[in-house]
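What follows is one structure encoded as structure tokens, with my remarks underneath.
In full-length UniProt numbering, the protein residues as written are 1 to 292.
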């Protein structure tokens, strides 16, 4: 399976690197999460069980992509994706967002509903965001509080210092808690995660993200969810230590409250189903793609 690595220049001056493999149309657009890059999608990109054309982008501030202009919220990522799809001539896509990428994918599907045929949320953050909390469990209110919080500051400092030992320990606990990839692949994934340039900005954006119609305790919902018109599949691993069952339940509840039906599948996996249960993930995605 040939995977090409390419770069596209957006109108805002940012450069997005992306991975692409040939296949049937419409393409499946993959959006990675936090502490990640398109490289972590490789098990799916290399899998012959999915016949779709697949495109996986490094979002602004991740992987090999640039970060000339700091993001303010998920709509900035959504706008980048729109320009990206315009540049590649992608007017009809299926989109799968993983973790924080689920928030980006939902925002994109709401902002550009005519462009999205199907939406897959994999271990996604909630429709009401991903709360940044302190050691006592209290929600942080501002980007300044997030940047100064002692617990979160350790991760921010490790990111700035490119502390590989810190990230290896964190990912072994949070991402590879079920199955370990082989040593060479694990090292490549850790190095890819360490390239993130926007950690505080993204933590703040996820903390404020809320496309529901209710308050998340920090921000009132925008109601953008109501503009999502495509079929939706939600996939969650029952051993996920990052996105919780409560967050997944909020997604299902919020779509239902807007009269939108959602397919929901659980896997025997943690936050990295591409390693923990790739067969189950591929089977779930293929079945959803095959539906009219």
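All residues carry an ideal CB built from backbone N, CA and C; glycine is no exception.
- [ ] Classify residue 89 as buried or exposed, calling it buried when 16 or more other Cβ atoms lie within 10 Å of its own Cβ.
- [x] exposed
Open item on the list: Beta-carbon within less than 6 Å of residue 128's beta-carbon, same chain only, minus the 5 sequence neighbours each way: which residues are those?
Closed with: 210, 212, 216 and 250
Task: Beta-bridge pairing of residue 56 - partner residues as DSSP gives them - done: 19 and 30
TODO: Please say whether residue 146 and residue 116 have beta carbons closer to each other than 8 Å?
DONE: no
TODO: Please list, in chain order, all residues of the same chain as residue 273 whose beta carbon is under 8 Å from its beta carbon, the five residues on each side excluded.
DONE: 122, 123, 235, 237, 267, 280 and 281
Open item on the list: Please identify the residue among 177, 190 and 72 whose C-alpha is closest to the C-alpha of residue 271.
Closed with: 177
- [ ] Excluding the 5 residues preceding and the 5 following residue 47 in the sequence, name in chain order all residues of the same chain whose CB lies nearer than 7 Å to its CB.
- [x] 278 and 282
TODO: Determine, using beta carbons only, whether residue 126 and residue 247 come nearer to each other than 8 Å.
DONE: yes
Open item on the list: So, for residue 107: in the same chain, excluding its five sequence neighbours on each side, which residues have a beta-carbon less than 8 Å away from its beta-carbon?
Closed with: 74, 75, 77, 78, 209, 211 and 224
Task: Neighbourhood of residue 99 by C-beta, 8 Å cutoff - its chain only, sequence neighbours within 5 removed - done: 32, 33, 34, 36, 122, 123, 124, 125, 242, 243 and 271
Open item on the list: Which of the three DSSP states is assigned to residue 263 in this structure?
Closed with: strand
- [ ] Determine the DSSP secondary structure at residue 4, reduced to helix, strand or coil.
- [x] strand
Open item on the list: By alpha-carbon positions, which one of 265, 91 and 232 ends up nearest to residue 245?
Closed with: 265
Open item on the list: Using the three-state DSSP reduction, which class does residue 162 fall into: helix, strand or coil?
Closed with: coil
Open item on the list: In chain order, what are the residue ranges of uninterrupted beta strand (DSSP E) at least 3 long that sit wholly in the region 202-263?
Closed with: 232-237
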